[in-house]
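Working notes for the structure below.
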Amino acid sequence: MDDNQLLRYSRHIFLPEIDIDGQKKINSAKVLLIGLGAL
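Each position in the sequence shown, counted from 1, maps to that position plus 3 in the numbering used here.
Right under this line is the structure:
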């Protein structure tokens, strides 16, 4: 993580449930959202 990312995600990193390893996993995760409108 670079300095900008550490500053941006510092509140997540300080959480014991997430820490820096968890934040790295979150950053590398992929999400796909598909909408079907009004169906």
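Quick reminder that beta carbons are idealized off the backbone N, C-alpha and C, glycines included. Everything numeric in this text was worked out from a predicted model, so none of it was measured.
DSSP, read as helix, strand or coil, puts GLY25 in helix. Nearest Cα to MET4 within the set GLY38, GLU20, LEU42 and ASP24: ASP24.
For LEU36, the three-state secondary structure derived from DSSP is coil. LEU9 carries a helical assignment under DSSP once its states are collapsed to helix, strand and coil.
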